[in-house]
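This report refers to the structure that appears directly beneath it.
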DNA sequence: AGCAACCGATTGCAAAACGCAAGTGGTTGC
DNA sequence: GCAACCACTTGCGTTTTGCAATCGGTTGCT
């Protein structure tokens, strides 16, 4: 028993694992941006995470069972980070966080379009998205059209429209 | 422009306001435990928050518009903290956090019964609960039976059963 | 074979946040 | 008048964060 918890409350325990300023950012980038390597997470980070923080969080998230890490067969030094089933089940939480942020915080258009679609899609879309994440991260059999591709296309359309207009 | 944000992403902005180990704990205690005074939050804290951290978080949450603070007419020194509408709209987020924690973390029975009921009740119950919170915190007109009382009764029943059994 | 670019981190260091215990100045009830 | 209570604050040692530079190893290109 290395780990002593503050309390057995579900909300507290969730906060003990995910309650900091970076853990969910990293999971978000893996989930919605399909960034699977350390270097991708570091260089494309919208929020500018520091390399030591990223390394620490990846380690903690793997220890806590939210990510898995395996070697990349294409490069002896590369590691591939994947979502685990518990992390995939954070989709509804992300949807609610996005919906709340969109309503109450000064979000930007291009970065909130995905949250908007995810909110409008509701639980059926979340389930579909989770199934897709399982095929990407857990080697589950693929099925149906891609929610991720739809979200990405919508994002790129907003970016393009902003650039044009 | 006092505040510079890491990015305009809704999830990031939500984390900038709520992404620490205490802010949501405090809102949870006000929301589900109806603790409205500093001393109540401090002394009945399941997780043992320190007094300076509590003071700092209350200040920040008021500054960020999640709580409001007003004088208690019954005691010149007492302050009453209330949820604002943005904080009340965190109910679905709490429901998802509780559901996730219950599935993936070592929760205790008596502290997770409320999360279970909130999950089972689904969006209709959340809406009802939010309406009730508005009457408690925003002086909205009261209506219907009390979700909060139901959650509290269920919690106390589990506690009593544990004590007896 | 040599070399630049890239790989996932690690290190050093200063600043900020945290956690604990004690204390502050004031109010209330008896 | 006095103990209990009120919302906080202070001091201080520990931990975490953020930033920049660096590490030893791998890869692709020539």
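Residue numbers (UniProt numbering), protein chains in the order written: chain A, 1 to 165; chain B, 1 to 165. C-beta: ideal position from N, C-alpha, C; glycine also. This structure is a prediction, so every number in the text was calculated from the model and none was measured.
Residue i: contacting residues in chain B (beta-carbon distance under 8 Å)
i	result
residue 107(A)	8, 9, 10, 13
residue 21(A)	15, 16, 19, 20
residue 25(A)	11, 12, 15
residue 112(A)	8, 9, 10
residue 144(A)	Those within 8 Å of residue 144(A) in chain B number zero; the least Cβ separation is about 24 Å.
Nearest-angstrom beta carbon gap, residue j and residue i [assumed within contact, 8 Å]
i	j	result
residue 86(A)	residue 98(B)	In fact, because the Cβ distance is near 15 Å, the residues do not count as touching under 8 Å.
residue 13(B)	residue 101(A)	5 Å
residue 134(B)	residue 88(B)	6 Å
residue 28(A)	residue 94(A)	7 Å
Residue i classed as buried or exposed, judged by whether at least 16 other C-beta atoms fall within 10 angstroms
i	result
residue 132(B)	buried
residue 45(A)	buried
residue 66(B)	buried
residue 96(B)	buried
residue 92(A)	buried
residue 138(B)	exposed
residue 23(B)	buried
residue 163(A)	exposed
residue 19(A)	buried
C-alpha distance - residue i paired with residue j, whole-angstrom precision
i	j	result
residue 79(A)	residue 39(A)	10 Å
residue 51(A)	residue 42(A)	7 Å
residue 5(B)	residue 16(B)	8 Å
residue 55(A)	residue 61(A)	10 Å
residue 115(A)	residue 68(A)	25 Å
residue 77(B)	residue 71(B)	8 Å
residue 7(A)	residue 74(A)	44 Å
residue 153(A)	residue 120(A)	16 Å
residue 151(B)	residue 26(B)	18 Å
residue 63(B)	residue 30(B)	17 Å
residue 140(A)	residue 118(A)	22 Å
residue 106(B)	residue 83(A)	20 Å
residue 34(B)	residue 59(B)	18 Å
residue 53(A)	residue 81(A)	16 Å
residue 104(A)	residue 136(A)	32 Å
residue 123(A)	residue 32(A)	17 Å
residue 149(B)	residue 149(A)	44 Å
residue 165(A)	residue 90(A)	35 Å
residue 57(B)	residue 57(A)	24 Å
Interface residues of chain A facing residue i [CB-CB closer than 8 Å]
i	result
residue 121(B)	Ordered by position in chain A, no residue passes the 8 Å Cβ test against residue 121(B), which lies about 15 Å from the chain.
residue 103(B)	86, 89
Contacts of residue i in chain B (Cβ-Cβ under 7 Å)
i	result
residue 92(A)	96
residue 100(A)	14, 89, 90, 93
Under 9 Å by beta carbon: chain B residues contacting residue i
i	result
residue 46(A)	6, 7, 8, 9, 12
Interface residues of chain A facing residue i [CB-CB closer than 9 Å]
i	result
residue 115(B)	9, 10, 11
residue 137(B)	What residue 137(B) touches in chain A: nothing, since even the nearest Cβ is about 16 Å away.
Neighbour list for residue i in chain A, Cβ cutoff strictly below 7 Å
i	result
residue 28(B)	11
Would you be able to state if there are at least three C-beta pairs under 8 Å between the region 110-125 of chain A and the region 150-162 of chain A? These segments touch.
- Task: Spell out a yes or no on whether the region 121-130 of chain B and the region 144-151 of chain B are touching, meaning 3 or more CB-CB pairs, one atom from each, closer than 8 Å.
- Result: With a cut-off of 8 Å, the region 144-151 of chain B and the region 121-130 of chain B count as touching, because enough Cβ pairs lie within range.
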